[in-house]
Amino acid sequence: MRGLFRYSCAMKNHLILVHGAWHSPSGFELLQRELADRGITSSTVALESAAAADEPIGDMYNDAALVRGAVDALGDDCFVLAHSYGGLPVTQGLVGATKVKGLIFLTAFVLDEGETLFEACGSQDPPWWVRSEDGERATTSTPEHVFYNTCTPEVAAAAVADLRPQSILSFNQPITQCAWKEIPSNYILCEFDQAIPLFAQQAMSGRTGNSETLATDHSPFLSAPAQLASLLASLMR
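Going by the numbering used here, 84 is the number at position 102 of the sequence shown; the sequence numbering is gapless.
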């Protein structure tokens, strides 16, 4: 099921959560509970570039349209958090989105016009990418070490089971417009991330107005949801 999902309770601020490659909105459930405890409503966007092998698969521009649609459908001001690959559709899709009060890039790609994720990875597949025989999709060989290395074994195992193949095309489509150039933005660096090296996060964080650091893996919404929720609450003031 694709589209907008809301975690409900009565609150004053709203945060739209955009997941990364291979993932799904379900990964944000622990974080959403922590946000609700802090008076923040949240919703998620199910990106089409991650899909089961027997499902149609979308691309980055499809994802950008979904993100924009989620913002426009909300009807109120909001913040948007982009995790990892999610930084691309957020950057691409939210130019001119006046309802967005701020962007939060969580160990995410912050790319400029003409840049692609594949180029940001050095124009070569990381060793943990596994391409399908037709070259259209990729899976991950060691996600428990790359994405969840500071999670508990139980949390990591559940997260690995929820992963889906990712569109290769989504990694090769260039950004054509940049929302972070017109919307106030923050970057959250993750110190022990094995997917996006800290030096790369630091370089991309320079394109935002502010940065914060968490001593976590690539997935603090699973490894440190309470700590992340508190940081997000402070950034949404």
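Think of the CB as a built atom: it goes at the ideal place given N, C-alpha and C, for glycine as much as any other residue.
Keep in mind the model is a prediction, meaning the values are calculated, not measured.
- Query: So, helix, strand or coil for C(-9), using DSSP?
  - Reply: Unreliable positioning characterises C(-9) in this predicted model, as indicated by a pLDDT of 38, which lies under 50. The coordinate reading is nonetheless provided below. The answer is coil: DSSP assigns C(-9) none of H, G, I, E or B.
- Query: Where does Y130 fall in DSSP's three states?
  - Reply: coil
- Since I believe T121 is in contact with V112 (beta carbons under 8 Å), could you give me their beta-carbon distance rounded to a whole number of angstroms? 5 Å
- Query: Looking only at its own chain, which residues have a Cβ that is under 8 Å from the Cβ of N154, when we skip the five neighbours before and after it?
  - Reply: T98, L99, F100
- Please go through the stretch 66 to 136 and give each complete beta strand (DSSP E) segment of 3 or more residues, from N-terminal end onward. 82 to 88, 111 to 113, 119 to 122
- Query: Do the stretch 38 to 52 and the stretch 2 to 19 make contact, defined as three or more Cβ pairs closer than 8 Å?
  - Reply: no
- Item | Contacting residues, own chain, Cβ-Cβ under 8 Å from G104 (five flanking each side not counted) | none
- Starting from the C-beta of G117, find all residues in its chain whose C-beta is less than 8 Å away, skip the five residues before and the five after it, and write them out in chain order. I150
- Message: Using only the alpha-carbon positions, how far apart do D58 and A52 sit?
- Response: 11 Å
- Does DSSP put F203 in a helix, in a strand, or in coil? helix
- Using the beta-carbon count (16 or more within 10 Å), is N192 buried or exposed? exposed
- Query: From G68 to G2, what does the alpha carbon distance come to, in whole angstroms?
  - Reply: 5 Å
- My guess is that Q209 and L196 are in contact by the Cβ rule of under 8 Å, so how many angstroms apart are they, rounded? 7 Å
- Task: With a cut-off of 8 Å on the beta carbons, I'd call A64 and A90 a contact; round off their distance for me.
- Result: 5 Å
- Message: Is it buried or exposed, F181, if we count other Cβ atoms within 10 angstroms and call 16 or more buried?
- Response: exposed
- Inspect the beta-carbon positions of L(-3) and F61 and report whether they are closer than 8 Å. yes
- Query: In terms of alpha-carbon separation, which member of P147, L214, C133, T134 lies closest to E115?
  - Reply: P147
- List in chain order: all unbroken alpha helix (DSSP H) runs of 4+ residues lying wholly within the stretch 7 to 62. 11 to 19, 42 to 56
- Count the other CB atoms, across all protein chains shown, that sit within 10 Å of the CB of P109; report buried if there are 16 or more and exposed otherwise. exposed
- Task: Output the distance between the C-alpha atoms of D144 and T134, rounded to the nearest integer angstrom.
- Result: 16 Å
- Whose C-beta lies closer than 6 Å to the C-beta of K83 among residues of the same chain, with five residues either side of it excluded? D59, F61
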